[in-house]
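Just so you know, the sequences run in chain order L and R. The working numbering puts the first residue of the first sequence at 31, with every later residue one more than the last. The working numbering puts the first residue of the second sequence at 6, with every later residue one more than the last. No residue lacks a Cβ here, since even glycine has one placed at the ideal position from N, Cα and C. Computed from a prediction, not measured in an experiment: that's the story for all the values here. These notes are about the structure you will find just below.
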Amino acid sequence: MSRRFRFVFMSVLALSMLIAACQPAEPVIVTQEVVVTQEVQVVTTQEVQVQVPVEFTMESARLQAVKDRGTLRCGVNSGVLGFGYLDPAGEYVGFDIDFCKAVATAIFNDPDAVEYTPLTTTTRITALQTNEIDVLIRNTTWTFGRDVELGTDYGPTTFYDGQGMMVREDSGFTSLDDMDGATICVLTGTTTEQNLADAFSSRGIAYETLTFDKSEESAAAYDQERCDGLTSDKSQLTGIKGNLSNPADHAILPEIMSKEPLGPVWAQGDQQWGDLVRWVVYGLIIAEEKGITQANVEQIAAGATGETGRLLGSEGEFGSLLGLDADFMVNVIKAVGNYGEIYDRHLGPEGTNIVRTGSYNDLWTRGGLIYAPPWR
Amino acid sequence: MDLPHDSAARLRKKQDIGALLRDTRFLQALAQAVFVLLVLLLARWLIGNLNDNLQARGLGLSFAFMRRTSSFVVGEGIPSDRTDPFYYQYLVGLINTVRVVSVGLLLATIVGILAGVAMLSPNWLLRTLVQAYVELFRNTPLLVQLFFLYFGIILTLPGLADRITFGPIIISNRGFFMPRPVPHVGFPAWAAISALAFLFGAYTYRRQLQIRVRTGAETRPALWGAALIIGVPLLAWIILPGQPLQLELPELQGLRMTGGARLTPEFAGILFGLVFYTAAFIADIVRSGILAVTHGQREAAMALGLTATQTLRLIILPQALRVIIPPMTNQYLNLAKNSSLAIGVAFPDLYSVSQTIFNQSGQAVQVIALMMGTYLIMSLIISAVMNVINARLQIVER
Chain L
31 MSRRFRFVFM SVLALSMLIA ACQPAEPVIV TQEVVVTQEV QVVTTQEVQV QVPVEFTMES
91 ARLQAVKDRG TLRCGVNSGV LGFGYLDPAG EYVGFDIDFC KAVATAIFND PDAVEYTPLT
151 TTTRITALQT NEIDVLIRNT TWTFGRDVEL GTDYGPTTFY DGQGMMVRED SGFTSLDDMD
211 GATICVLTGT TTEQNLADAF SSRGIAYETL TFDKSEESAA AYDQERCDGL TSDKSQLTGI
271 KGNLSNPADH AILPEIMSKE PLGPVWAQGD QQWGDLVRWV VYGLIIAEEK GITQANVEQI
331 AAGATGETGR LLGSEGEFGS LLGLDADFMV NVIKAVGNYG EIYDRHLGPE GTNIVRTGSY
391 NDLWTRGGLI YAPPWR
Chain R
6 MDLPHDSAAR LRKKQDIGAL LRDTRFLQAL AQAVFVLLVL LLARWLIGNL NDNLQARGLG
66 LSFAFMRRTS SFVVGEGIPS DRTDPFYYQY LVGLINTVRV VSVGLLLATI VGILAGVAML
126 SPNWLLRTLV QAYVELFRNT PLLVQLFFLY FGIILTLPGL ADRITFGPII ISNRGFFMPR
186 PVPHVGFPAW AAISALAFLF GAYTYRRQLQ IRVRTGAETR PALWGAALII GVPLLAWIIL
246 PGQPLQLELP ELQGLRMTGG ARLTPEFAGI LFGLVFYTAA FIADIVRSGI LAVTHGQREA
306 AMALGLTATQ TLRLIILPQA LRVIIPPMTN QYLNLAKNSS LAIGVAFPDL YSVSQTIFNQ
366 SGQAVQVIAL MMGTYLIMSL IISAVMNVIN ARLQIVER
C-alpha cells in the first residue's frame, strides 16, 4: 500500500516537474496603441500654428464583446410592477426594461437584442462581478459601499426613490413615532434592512423585524397581519398595495426613511462602456428637455442644429466617439421614446400611477432632479 | 552472435521501457498520477481565476470585514443590536440554527419512533392514519409543507386583539405565549437542595437495582429513587420561606405581549415543519427495523411470559436499533441541512443571517465559504455522535 502510494506520488512529482518545465514564465506586456497625427502648417508671417488632433483607439472591450455576441445581457427585475415584470404574454415590460432596450437600440438599432436575466436582490451584484451580465438595471440603490468596495459603477439616477412604511388604516399609526413595539416585515438583501434599523434606533423605538427572502412572501405575511408594517421603497409599496386583499385598508406613512437613487449599474474597469450607458440615459433626458418624442424624432432630426443636432447626429461625431452610429439617439428615441414618455408609459396614470409632478423625478426645468449635462 | 557492448545495453534499456509500458501496475499508477495532477491543475485554475476576477474588481478574500458594524438587527434569538459586528450576528444566526436542529432532532425521534411502532399496530384505524401521515409527508416537498404550515395554518390564527386564551396559554398569529417560572428569593438554596436530592436519588436507584440483580430480592429501586428526587424538593419548597419560583404570566402591552415564554410563529413553523417531515422518514425506518428482528425472538419472549410492552422494550427495540441507527444518521443530517429552508418562513437562522451579511458587505465568496464550513462541521459532529452510538450498539462478535 505505502509502496504503491510512493509510486503514485513520485509519478505526480515527475509529471508536474515536466509540466512546470514546459511553461516558460510569461512576461507581462502591455501594448497600447496611440496614433498621433501631427500637422504643422508654416505661415509666411513666421507664426507657427500647431494643430494636434489626437485619434485614440479607445473602443470599449465590453462593447466589442456585446457586438460580437449580438445581444446585450441585461440584469433585471421580474416581479416589480412598473419597473420590471413579465406581462401575460411572457415579455419583460417596465421602466427599467425600457432602459435596457434603449442601450440595446443604441448598439444594434434593435430594441429586442436584449438577453434578460432575472435577478434577486442577493444575486444581482454577484452577477455583475462574475460578468454574467453587461449592465444591471434593477431598482439598485447607489451607495458608497457598493460603489467603492464592490467593484460596481453607477450611472445617472433614473428614478429617485425613498423607503417608506405601509400600515393598516385601522392601526391608527400616522407616523413612524407611533409604531413603538411594532413588528415590521422587510426583505433580505436590500438596503431596506439597514435603513429600518437606522430610522427606528434614531427615534429610540423598540421594534421587531421579520426578514423574508421574497417580496411576495413578505406581502403575504403583512396581509395576514403577522406584522404591523411593511417597509420597502415607496415605488414598490404602491405596487404591493394594489395586490393586497383590500388595498383601500392600507396607507403609506409620509416619512421617507432613506434616499434611494436607482439607476443602471455596471462592473468597474471599463470606462468607455460606462460612458456609453451613461450618455444613452442622458440623451433620453435631453430629448425630453428639447421636446423630442418618439413621434416627432425623425422630423426633428432632418433639420436639427445646435444641441439637438449634436444629439441626433447631424452635427459633430459624438456617436463614433462611443463606438456607435452617428444617429444612434434617433434610433433609441424611436424605439422607446424620451425619458418622460418612458415614465408615463410605466409609472404614469396608465401604469402604477406614481405622481411625477412636483416629485424629484420631474425634469429639472420643472423643479425636479432629472438633469443631464450638456451634449457637446 | 555478439553485439557490441553499448548497443546491447541500449537494447536492454529499450526492452525495459517497453516492459514498463506493458506493465498494468505501472499503467494504473500512471493513470492515477495523471488524474491527481489534472484535479490539482483544475483546482489551481479555478482558484486563480476567482482570485484574478476578485482582484480586478478590487475585492479580496480577506475575512476582516466580519469585524465591521452590521447595521442590522436579527429578529429572533439572543439579543442583537445594529451596532454589533457581522461576526456577532453570524453567531446569533448559528445559535438559532442549533436551537432548531437540537429540538428538532429530539422531537423528530420521538414522533418518528411512536409513528413507526404505530404503523405495526394491530389497531386498524391507528395503523391506517399513521400510514396516511407517513405517505403524505414523505411524498411532498418540504418547502411546500413549510409554506402551508406557516402561511396556511399559523398565520391564519387570530391576531393579538382576538387572541385565543386556553387556560394560561395564549394562541395568536404573533406567537404562542405561556407562563414562565421566574426564580425569586431563596431559589439558589432550593436549587442546590434539589440537585443534591437528584444525585442521591440516582445513586440510590442504581444501588437498589444492583442489589436486586445480585440477590433477587425486591428492593424497589424506582420507588426509592422517585421518592428522593420528587419528595425532597417538594419538602424543601414547603419548609423554605417564600416561593423560590414564581410564574410570570404573559400580558398584552401596547402592540405586543410582555412576560412569559413565547414560541414565535417562525420558530414553530420551521421546527414543526422539519419534525413532521423527518419523523415520517424515521417512522418508516423504525418500522423496517422492527420487522428485521426475526419472528422467533418475539415468540420466545411471549413463551417466557413477557407482556407486549415488555417484549417491545426489552427484546425487539434493542435488536431493531442496530438496523435503525445507520439510516437514522442520514435523516438527522437531512434535518440539520434542511433547517436552512428557515428563510422561507422568515426565521433568522444561519443561512438567513448569512445572506443578509453577504448582501450588506458584498463579500459573497467568504460568507458562503464560512457558511459551508459551519454546516459541514455541524453535520460531522452529528455523524460522529451517531457513529459512537452505532459502535456501542453493535453485537460484540468473537
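Buried or exposed by the 16-neighbour rule on C-beta atoms within 10 Å, applied to residue i
i	result
residue 342 (chain L)	buried
residue 230 (chain R)	buried
residue 74 (chain L)	Residue confidence is low: residue 74 (chain L) scores 48 on pLDDT, short of 50, so the model does not pin down where it sits. No coordinate-derived value is stated.
residue 253 (chain L)	buried
residue 144 (chain L)	buried
residue 174 (chain L)	exposed
residue 361 (chain L)	buried
residue 261 (chain R)	buried
residue 353 (chain R)	buried
residue 344 (chain R)	buried
residue 245 (chain L)	buried
residue 365 (chain L)	buried
residue 155 (chain R)	buried
residue 54 (chain L)	Since pLDDT at residue 54 (chain L) reaches only 46, below the 50 mark, its modelled position is unreliable, and no value is offered.
residue 84 (chain R)	exposed
residue 395 (chain L)	exposed
residue 368 (chain R)	buried
residue 207 (chain L)	exposed
residue 275 (chain L)	exposed
Contact set for residue i: own chain, Cβ-Cβ below 7 Å, skip 5 residues either direction
i	result
residue 323 (chain L)	367, 368 and 371
residue 68 (chain R)	371
residue 346 (chain L)	340
residue 310 (chain L)	132, 133, 136 and 362
residue 3 (chain R)	The requested residue 3 (chain R) does not occur in the structure, where chain R is confined to residues 6 to 403.
residue 57 (chain L)	Residue placement at residue 57 (chain L) is flagged as unreliable, the pLDDT there being 47, under the threshold of 50; a coordinate-derived value is accordingly withheld.
Nearest to residue i (by Cα), restricted to the options the options
i	options	result
residue 244 (chain R)	R:192, R:229 and R:268	R:192
residue 139 (chain R)	R:397, R:272, R:161 and R:116	R:116
residue 302 (chain L)	L:277, L:332 and L:354	L:354
residue 313 (chain L)	L:224, L:348, L:298 and L:300	L:348
residue 284 (chain L)	L:339, L:326, L:270 and L:203	L:203
residue 142 (chain R)	R:175, R:285 and R:300	R:285
residue 299 (chain R)	R:320, R:289, R:211 and R:290	R:320
residue 71 (chain R)	R:257, R:151 and R:93	R:93
residue 193 (chain L)	L:183, L:211, L:212 and L:266	L:266
residue 243 (chain L)	L:228, L:234 and L:223	L:223
residue 304 (chain L)	L:166, L:399, L:274 and L:280	L:166
residue 331 (chain R)	R:365, R:322 and R:394	R:394
residue 404 (chain L)	L:336, L:357 and L:392	L:336
Under 7 Å by beta carbon: chain C residues contacting residue i
i	result
residue 160 (chain R)	Note that chain C does not occur in the displayed structure, where the protein chains are L and R.
For residue j and residue i, believed in contact at Cβ under 8 Å, the rounded distance
i	j	result
residue 271 (chain R)	residue 149 (chain R)	Actually they are not in contact, since the Cβ atoms of residue 271 (chain R) and residue 149 (chain R) sit about 17 Å apart, beyond 8 Å.
residue 160 (chain R)	residue 198 (chain L)	Rounded, the Cβ-Cβ distance is 15 Å, inconsistent with contact.
residue 147 (chain L)	residue 163 (chain L)	5 Å
residue 337 (chain R)	residue 110 (chain R)	6 Å
residue 91 (chain R)	residue 227 (chain L)	About 14 Å; that fails the 8 Å criterion.
residue 328 (chain R)	residue 274 (chain R)	Going by Cβ atoms, the distance from residue 328 (chain R) to residue 274 (chain R) rounds to 33 Å, so no, they are not a contact pair.
residue 338 (chain L)	residue 80 (chain R)	Incorrect: roughly 54 Å between the Cβ atoms, too far for contact.
residue 268 (chain L)	residue 400 (chain L)	Contact doesn't hold; Cβ gap of about 19 Å is too wide.
Same chain only: Cβ atoms within 8 Å of residue i, ignoring 5 sequence neighbours per side
i	result
residue 27 (chain R)	none
residue 211 (chain R)	226
residue 104 (chain R)	82 and 272
residue 376 (chain R)	355, 356 and 359
Cβ-based neighbour list, residue i, same chain, cut-off 6 Å, excluding 5 preceding and 5 following
i	result
residue 400 (chain R)	none
residue 128 (chain R)	none
residue 180 (chain L)	155
residue 473 (chain R)	Residue 473 (chain R) lies beyond the residue range present for chain R, which begins at 6 and ends at 403; the question has no answer from this structure.
residue 383 (chain R)	341
residue 203 (chain R)	234
residue 271 (chain L)	277 and 280
| Taking three-plus beta-carbon pairs below 8 Å as touching, is the segment 250 to 262 of chain L in contact with the segment 352 to 361 of chain R? | no
| Is the segment 369 to 388 of chain L touching the segment 118 to 126 of chain L, taking contact as three or more C-beta pairs under 8 Å? | yes
| Three or more C-beta pairs closer than 8 Å, one from the segment 178 to 190 of chain R and one from the segment 247 to 260 of chain R: is that the case here? | yes
| Cβ contact check for the segment 271 to 281 of chain R and the segment 300 to 314 of chain R: 3 or more pairs under 8 Å | no
| message | Assess contact between the segment 286 to 294 of chain R and the segment 166 to 175 of chain R, defined as three or more Cβ pairs (one per stretch) separated by less than 8 Å. Is contact present? | response | no
| field | At least three beta-carbon pairs within less than 8 Å, the segment 285 to 299 of chain L to the segment 171 to 190 of chain L | value | yes
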